[in-house]
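For the sequence shown, my numbering gives the first residue as -2, with consecutive numbering after it. The beta-carbon is built from N, C-alpha and C at its ideal position, and this holds for glycine as well.
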Amino acid sequence: MSDSSRPNLWRRLPLWQKILGGLALGVLAGALMGESASMFKPLGDIFINAIKMLIVPLVFSTLVVGITSMRDPQKMGRIGGKTIALYLLTTAFAIAIGMLASSIFQPGAGFEFNFDKAMETKDAPSLVQILVDLVPSNPIDALANGNIMQIIVFAIGIGISLIMIGDKGEPVVRVFDSFAEVMYKLTEFVMAFAPFGVFGLMAHVSGNYGLDVLLPLAKVIGVAYLASIVHVLVVYSGLLATLGKLNPVRYLRGIVDALVVAFSSASSSGTLPISIRCAQKNLGVSEGVSGFVLPVGATINMDGTAIYQGVVALYIAQMTGIELSMMDYGMIVLTGTLASIGTAGVPGAGLIMLSIVLSQVGLPLEAIAVIAGIDRILDMARTTVNVAGDLMVTTLVGKSENELDLEVYNATQPKKDA
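Below you can see the structure in the form of structure tokens.
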């Protein structure tokens, strides 16, 4: 092959193959170089910063555009109701699958740990405080600090107001529409750098989490990953096939780009720009539905975190020899479902919410220290599930509202950028 043909071959490769190649090379570099592979971490930092740069303006503009494109507040309420109902349903399934996997494979059996140091935990905010905090006292401050829930509330208010003032709001709607298109194009530029950023992230992670750390806890990692795969292939694919009458293979192929970025970045909010791109270009979901459902999902849908809580709660019970009753199992499902919804889509937040689940059933909070050492590895799996769930719900809601382009969804290949 001539040197001149190699750049053309690179351009012809689908994005997911480029990203997967960067991921594999990063793991190899980390395994060979050890902690010195952290020299590549700046590549990952640049990529993550670029993704974070997109989040706030993209969420705000796409939400406003999505709401104004509906032209009907009742339709928005209907879509919102479907979205929340599906997220609650899949979250309950997720934590049950995590508990079932731990019950079958017993990852904590035969381990003995001594907890010498108590771990500080944070109390969960009350329901009233959560509702109060949803409304931003200063929307500019919410935008500056990246408070996604407050941004969502503000954007919904702006969108509904623009609908209600009719023709007077059209110039503003066109501005938001143009700005959203700008953000989509900027997302494409950032994604062109994704293979290099993923390489840097994975080289750092694999170099710092070597076999010495992973082997003693390999069983719990394996159970968590197995439960995550089962949830995506059985629950998500099953819902698409039964409720949506859609081919789940098309869905899985169309979301690969987002899944690879989610796995390497461990941030569902950070993956949001790529999720929106996959939903619209690969799955054929309308701009209105994807612009509304995905930002909401990145904030409240935490199926991967629910799986993690189910697996780890039983793992800790097994390794400490604590017997759990059926009431305790029910409490884990209920608390885990509610706690996962309140988990922010940022790396590491699952540990805080795990402490709430453990305290509800009397398991030692100090045991979290055992999990903290491998939390990044677990975080990568649970984030991937979260993102897959966001895109599944978006697809189902789009189909139910007749806002899914079946020609795009059923295409033999995901739509490529122009």
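> So what's V253 in DSSP terms, helix, strand or just coil?
Replying inline: helix
> Between which two residues does the alpha helix (DSSP H) containing F37 stretch?
Replying inline: From DSSP, F37 is part of no alpha helix (DSSP H); its letter is neither H nor E.
>> For H201, report the span of its alpha helix (DSSP H) as first-last.
In response: 191 to 205
> What span of residues does the alpha helix (DSSP H) with D416 cover, start to end?
Replying inline: In the structure displayed, the chain extends from -2 to 415; residue 416 sits before or after that span and is not available.
>> So the candidates are I273, F260, M161; which of them puts its Cα closest to the Cα of V51?
In response: Reading off the sequence, residue 51 comes out as Leu, not Val. Nearest C-alpha to L51: I273.
> Are any of the Cβ atoms in chain C nearer than 7 angstroms to that of I273?
Replying inline: Note that chain C does not occur in the displayed structure, where there is just one protein chain.
> Identify the residues that DSSP records as bridge partners of V282: which are they?
Replying inline: L401
> Which value, in whole angstroms, describes the spacing of the CA atoms of D130 and A276?
Replying inline: 30 angstroms
>> Using only CA atoms, which one of D138, I48, L269 lies nearest to F186?
In response: I48
> Hey, how far is the Cα of A303 from the Cα of L249?
Replying inline: Put simply, the backbone Cα of A303 is about 21 angstroms away from that of L249.
>> Using a Cβ-Cβ cutoff of less than 6 angstroms, which residues in the same chain neighbour I368 once the five nearest sequence positions on both sides are dropped?
In response: If we look at I368 and ignore the five residues flanking it on each side, its Cβ neighbours are V309.
> How big is the Cα-Cα spacing for I137 and P192?
Replying inline: Taking the straight line joining both Cα atoms gives about 33 angstroms.
> What first and last residue would you give for the alpha helix (DSSP H) that runs through K216?
Replying inline: In the DSSP annotation of this structure, the continuous segment of the alpha helix (DSSP H) that includes K216 starts and ends at 215 to 227.
>> Suppose you measure from the CA of S234 to the CA of T88; what does that come to, to the nearest Å?
In response: Each residue's alpha carbon lies about 15 angstroms from the other.
> By Cβ distance below 6 angstroms, which residues in the same chain neighbour G386 in space, the five residues on each side in sequence not counted?
Replying inline: T87, N298, D300
> Taking Cβ positions, are G281 and V405 nearer each other than 7 angstroms?
Replying inline: yes
> Exposed or buried, which one is N407 when buried takes at least 16 other CB atoms within 10 Å?
Replying inline: Its Cβ having fewer than 16 others within 10 Å, N407 is exposed.
> Taking one C-beta from the stretch 173 to 186 and one from the stretch 57 to 71 each time, how about it: are there three or more such pairs within less than 8 angstroms?
Replying inline: Here the stretch 173 to 186 lies against the stretch 57 to 71, with 3 or more beta-carbon pairs under 8 angstroms apart.
> Any chance the stretch 368 to 384 sits against the stretch 259 to 273, with 3 or more Cβ pairs inside 8 angstroms?
Replying inline: yes
> Going along the chain, which residues of its own chain have a beta-carbon closer than 6 angstroms to the beta-carbon of I197, five neighbours each way excluded?
Replying inline: It is Gly, not Ile, that sits at residue 197 in the sequence shown. Correct list, in chain order: F37, K38, L40, G41.
>> Suppose contacts are defined by Cβ-Cβ distances below 7 angstroms. Is V227 in contact with I92 by that definition?
In response: no
> Quick one: Cα of L388 to Cα of S35, how far?
Replying inline: Roughly 32 angstroms between the two C-alpha positions.
>> Give me the residue from F289, R8, P11 with the minimum Cα distance to F151.
In response: F289
> G204 and I43 look like a contact to me (Cβ under 8 angstroms); what is the Cβ gap, rounded to whole Å?
Replying inline: G204 to I43, Cβ: 18 angstroms. No contact.
> Run through DSSP, which three-state label would K72 get?
Replying inline: helix
> Anyone know if the C-beta pair for L237 and L243 falls short of 7 angstroms?
Replying inline: yes
>> Helix, strand or coil for Q277? Go by DSSP, reduced to three states.
In response: helix
> How long is the line joining the alpha carbons of I101 and A221, rounded to whole angstroms?
Replying inline: Straight-line Cα distance between these residues: approximately 12 angstroms.
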